[in-house]
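Worksheet for the structure shown next.
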Amino acid sequence: MTAMPITVTGRLRQGEAGAWPVVGGLVAITIVFSTLNERFLSPENLTNLALQMAATGTIALGVIMVLLLGEIDLSAGSVSGLCATIMTIAHVKQGWNALLAILLALAAGAAIGLLHGLMLTKLRMPSFVVTLAGLMGWLGLLLYLLRQGGTINLPFNGFISGLSDTWLPGWLSWALVVGLAGGHAGIATLARRARLAAGLPVAPAWQVPVTAGGLAVVLGAAVAVMSADRGVPLLLVLFGALVVLLDLVLRHTTFGRHLYAVGGNAEAARRAGINVTRIRILAFVLASTLAAAGGVLAASRLSAVNQGSGGSDILLMAIATAVIGGTSLFGGRGRAYAALLGVLVIQSITNGMYLLSVDSSVRFMVTAGVLALAVAIDSLARRGAAR
Numbered sequence: 587m588t589a590m591p592i593t594v595t596g597r598l599r600q601g602e603a604g605a606w607p608v609v610g611g612l613v614a615i616t617i618v619f620s621t622l623n624e625r626f627l628s629p630e631n632l633t634n635l636a637l638q639m640a641a642t643g644t645i646a647l648g649v650i651m652v653l654l655l656g657e658i659d660l661s662a663g664s665v666s667g668l669c670a671t672i673m674t675i676a677h678v679k680q681g682w683n684a685l686l687a688i689l690l691a692l693a694a695g696a697a698i699g700l701l702h703g704l705m706l707t708k709l710r711m712p713s714f715v716v717t718l719a720g721l722m723g724w725l726g727l728l729l730y731l732l733r734q735g736g737t738i739n740l741p742f743n744g745f746i747s748g749l750s751d752t753w754l755p756g757w758l759s760w761a762l763v764v765g766l767a768g769g770h771a772g773i774a775t776l777a778r779r780a781r782l783a784a785g786l787p788v789a790p791a792w793q794v795p796v797t798a799g800g801l802a803v804v805l806g807a808a809v810a811v812m813s814a815d816r817g818v819p820l821l822l823v824l825f826g827a828l829v830v831l832l833d834l835v836l837r838h839t840t841f842g843r844h845l846y847a848v849g850g851n852a853e854a855a856r857r858a859g860i861n862v863t864r865i866r867i868l869a870f871v872l873a874s875t876l877a878a879a880g881g882v883l884a885a886s887r888l889s890a891v892n893q894g895s896g897g898s899d900i901l902l903m904a905i906a907t908a909v910i911g912g913t914s915l916f917g918g919r920g921r922a923y924a925a926l927l928g929v930l931v932i933q934s935i936t937n938g939m940y941l942l943s944v945d946s947s948v949r950f951m952v953t954a955g956v957l958a959l960a961v962a963i964d965s966l967a968r969r970g971a972a973r
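Mapping of the sequence shown onto this note's numbering: position 226 corresponds to residue 812, and the numbering continues sequentially without gaps.
The structure is reproduced here in structure tokens:
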């Protein structure tokens, strides 16, 4: 049997717009703000933008895990702040090694996610209620741990703070560009051959080198711009590594395929022999662990934790990041790269308005409009796919 090619126009007819609306919006945002303020595309500003992306983007990666199930996690912000506080207390107050303190924070996040997953699956509680209770409860525990002081500073010259103040040498940055572009081409080629052997639809052969070349150009341009300032920040590399790793897990592992299946139709997945309960629990464990990782990165950049850690608008921004990036609120559709695209849009809007000295009230309204537009596009895409 001959495999039919997958074309862009075919996907659009089926309601699969992919990342193109987000990319188009990002290009429009860049043109508008660079026209209004020439500093927007300066090396210093783009490097700062890269630093601002890491923590929120990492938390958004966790939010994507539960959104793919058609669930929601309202506790991600509180979990990130609590786990960062646990890490800081262990490192500063108890004298733990920095790496052990970070592992403790990640383990605490995993335990919280396990509790949320068990409450969802075993007690049949809605995820909205479970994580809303978590939002309040973990915030209360954070305030209890900080007590009167309210703030604990991390050593400025320590390992944790150094995560946000380390810059890659030029040769390593360019080696990463080559490695990522080559790795993408290799994985795409192997996946295409496997689909051909199975008689499944595949993309045209020319699409692999073109996509790899486009990726190399984009990454190369980013490295060139940031190298004109301080270089590529380690914080951005860590976030990018998480995005790539999670994308590989979702697309090329049994867990990833089962996650999409459960999010698409839980009952059909159960009848197909998938352990729906286990998939849901693992998704919530991953979500809270990634929230903890985001809290660690936020604490590194601030070199402290305080009563506002994980608070303010970080939860709303993380959810907006995931949805704007293309993850469906209805479950079953989305990729890890949604966190990268979404956080680029969110932080570009925030950064551009900051440069223009626009009031934060306007920023919230603009972000709300972009979020509503993203959900509208998703709804129309689902309607088109159903037709």
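Just so it is clear, CB atoms sit at the ideal spot from N, CA and C, and this is done for glycine as well.
Since we're looking at a predicted model, the values are computed, not measured.
In this structure, ARG866 lies away from GLY765, with their beta-carbon atoms at least 7 angstroms apart. As the crow flies, the alpha-carbon of ALA684 is around 20 angstroms from that of LEU728.
Per DSSP, the continuous beta strand (DSSP E) segment holding VAL891 begins and ends at 890-892. Here GLY699 is near ALA873, since their CB atoms are less than 7 angstroms apart. The three-state secondary structure of THR737, taken from DSSP, is strand.
For LEU957, the CB contacts under 7 angstroms within the same chain, skipping 5 residues up- and downstream, are ALA906, VAL909 and ILE910 in chain order. With a threshold of 16 other beta carbon atoms within 10 Å, ILE746 meets it and is buried. Rounded to the nearest whole angstrom, the C-alpha separation of PRO607 and LEU927 is 11 angstroms.
Contact fails between the stretch 632-641 and the stretch 911-921, because fewer than three Cβ pairs, one in each stretch, are under 8 angstroms apart. The alpha-carbon separation between TYR923 and ALA774 amounts to approximately 16 angstroms. DSSP, reduced to helix, strand and coil, places VAL618 within a helical segment of the structure shown. In the three-state DSSP reduction, PRO607 falls in the helix class (H, G or I).
Of the candidates THR797, SER943 and LEU721, SER943 places its Cα closest to the Cα of ARG625. Just so you know, the alpha carbons of TYR846 and ALA890 end up roughly 38 angstroms apart. Within the DSSP secondary-structure output, PRO819 pairs in a beta bridge with TRP753.
Taking C-beta atoms as the reference points, MET673 and ALA691 count as a pair closer than 7 angstroms. Residue state for VAL788 is assigned as strand, using DSSP reduced to three classes. A distance below 8 angstroms between beta-carbons, with the five flanking residues on each side excluded, links ASN892 to the following residues of its chain, in chain order: LEU732, GLY736, THR737 and ILE738.
Beta-carbon to beta-carbon, VAL794 and ARG778 are separated by about 7 angstroms, close enough to satisfy the 8 angstroms threshold.
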